[in-house]
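Each number in my numbering comes from the position in the sequence shown (counting from 1) with 1 added on. Think of the CB as a built atom: it goes at the ideal place given N, C-alpha and C, for glycine as much as any other residue. Keep in mind it's a predicted model, so treat the numbers as computed, not measured.
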Amino acid sequence: MLKQKKAKLEKITSLEACQECPAICCRDLAMSIGKPQTKEEVEDLKWQVRFDTVDIFIKQHHWYLRVKGKCMYLGKNNLCKIYEERPDKCKAHKAPNCERFGEYHEVLIKTPEELVAYLDRKKQRKNKKS
Ligand code: SF4
Ligand code: SF4
Numbered sequence: 002m003l004k005q006k007k008a009k010l011e012k013i014t015s016l017e018a019c020q021e022c023p024a025i026c027c028r029d030l031a032m033s034i035g036k037p038q039t040k041e042e043v044e045d046l047k048w049q050v051r052f053d054t055v056d057i058f059i060k061q062h063h064w065y066l067r068v069k070g071k072c073m074y075l076g077k078n079n080l081c082k083i084y085e086e087r088p089d090k091c092k093a094h095k096a097p098n099c100e101r102f103g104e105y106h107e108v109l110i111k112t113p114e115e116l117v118a119y120l121d122r123k124k125q126r127k128n129k130k131s
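Okay, structure coming up:
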């Protein structure tokens, strides 16, 4: 199944993929954040992830805070109203390396409890190794 999907992807261009997409990437804001190091940073993240519009994802060891919400420049036709002048971050975000195709992140954390459980698991693994 994955092979078929990949083969199909190789045949379509990034532009074609976006034209057929409901603009998933324009419907949330992903902000790069550091892995929480202190108790205060963990408490801050626990507070933020309480909101049902907010989650945390980890991709290639980088942590992101994601806030759901549509960009003000997304038109009703799912096309960008300022396409030619869109920000560089939007230009750099291209199919197929995007959330429309497969898992976009390795870890998804949706609640304070999931955050604590994830950090505990990491700590236990680290302790076992040392
Ligand atoms: S980059 Fe990906 S998620 Fe964004 S519009 Fe194109 S196909 Fe959809
Ligand atoms: S500026 Fe355009 S491409 Fe960028 S998030 Fe908004 S609608 Fe999407």
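Give me the DSSP bridge partner(s) of residue 31.
According to DSSP, residue 31 bridges with 67.
Which residue comes first and which comes last in the beta strand (DSSP E) that contains residue 109?
108-110 is the extent of the beta strand (DSSP E) around residue 109.
Assuming residue 55 and residue 49 form a contact by the criterion Cβ under 8 Å, report the distance between their Cβ atoms to the nearest whole angstrom.
Contact holds; Cβ gap of about 5 Å.
Between the C-alpha atoms of residue 17 and residue 95, what's the straight-line distance to the nearest angstrom?
The straight-line gap from Cα to Cα measures roughly 11 Å.
So is the beta-carbon of residue 74 under 7 Å away from any non-hydrogen atom of ligand 2?
Yes; taking the cut-off as 7 Å, the Cβ of residue 74 has a heavy atom of ligand 2 nearer than that.
Does the beta-carbon of residue 31, which I'm using as the reference point, lie nearer than 7 Å to any heavy atom of ligand 1?
Not so, every heavy atom of ligand 1 lies at least 7 Å from the Cβ.
Assuming residue 45 is part of the alpha helix (DSSP H), what are its boundary residues?
Taken as a continuous stretch (DSSP letters only), the alpha helix (DSSP H) holding residue 45 covers 40-49.
Distance, Cα to Cα, residue 88 vs residue 72?
If you take the alpha carbons of residue 88 and residue 72, they lie about 12 Å apart.
Can you tell me which of the three DSSP states residue 60 falls into?
It is a strand residue.
In this structure, what does DSSP give as the bridge partners for residue 55?
68, per the DSSP bridge assignment.
Using beta-carbon positions only, say whether residue 67 and residue 29 come within less than 8 Å of one another.
Contact flag set, yes.
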